[in-house]
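Trainee: The number in our numbering is simply the position in the sequence shown, starting from 1, with 1203 added.
Where a beta carbon is used, it is the ideal one built from N, C-alpha and C, also for glycine.
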Amino acid sequence: MFESGAILIYLAEKTGKLLPHEAGDRARVIEWLMFQMASVGPMFGQLGHFRNAAPEKVPYAISRYEKEAQRLLGVLEHQLTDKTYIAITYSIADIATYPWVAVTTSSYMGQSLAQFPNVQRWIATMESRPAVQTGMAILTPKYNSDYGVLA
């Protein structure tokens, strides 16, 4: 099996956790998982690439992906207006999205979350979860060595 979204759905179905059984709630979680898969991951990844790894600095590309990252953070900000988690409850949508958004303010990504208080609150909520702490303890040293210290 490959593709992180498919793997997350498989594991959630296998364990009966992190993906609601009711059709409407389930669709909402999958909708936000796809938001990460189709938008957040690719756009944030391109921003990081053009800011740091491209053989030459391309101001247009950097500006384009910075604007897109800010737009996507705005979508997430709006979604989190009256919610603790992205969809119904803590779910695979949060698990998939959190690592990308958590590194937004790192030197590698160079973005600000100042205008996104709901996103900041969600990050703090996610950071307080023991399973997230365990996962980030594995990810963070590698990220820091490759891309710079998480802010």
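Might you give, ordered along the chain, the residues of its own chain that have their beta carbon closer than 7 Å to the beta carbon of E1216, omitting 5 neighbours on each side?
Mentor: Counting from one through the sequence shown, the residue named residue 1216 turns up at place 13. If you ignore the 5 residues before and after E1216, its C-beta comes within less than 7 Å of the C-beta of L1222, all in its own chain and listed in chain order.
Trainee: What are the start and end residues of the alpha helix (DSSP H) that includes R1324?
Mentor: Start at 1 with the first residue of the sequence shown, and residue 1324 comes out as number 121. Start and end: 1320-1330.
Trainee: Cα-Cα, which of D1349, G1313, T1337 is closest to S1266?
Mentor: Position 63 of the sequence shown, counting from 1, holds the residue named residue 1266. Cα-wise, what sits closest to S1266 is G1313.
Trainee: Can you tell me the Cα-Cα spacing of A1334 and V1261, whole angstroms?
Mentor: Along the sequence shown, read from residue 1 onward, the residue named residue 1334 stands at position 131. Along the sequence shown, read from residue 1 onward, the residue named residue 1261 stands at position 58. So the two alpha carbons sit approximately 38 Å from each other.
Trainee: Would you grab the beta carbon distance between T1328 and L1316 for me? Rounded to a whole angstrom, and I think it's under 8 Å.
Mentor: What you label residue 1328 is simply residue 125 of the sequence shown in a count that begins at 1. What you label residue 1316 is simply residue 113 of the sequence shown in a count that begins at 1. Taking a contact as a CB-CB distance under 8 Å, the pair T1328 and L1316 does not count as one, their CB atoms being some 14 Å apart.
Trainee: Going by Cα to Cα distance, which pick from A1296, G1338, S1242 is closest to I1212?
Mentor: The sequence position of residue 1212 within the sequence shown is 9, counting from 1. Distance from the Cα of I1212 is smallest, within the candidate group A1296, G1338, S1242, for A1296.
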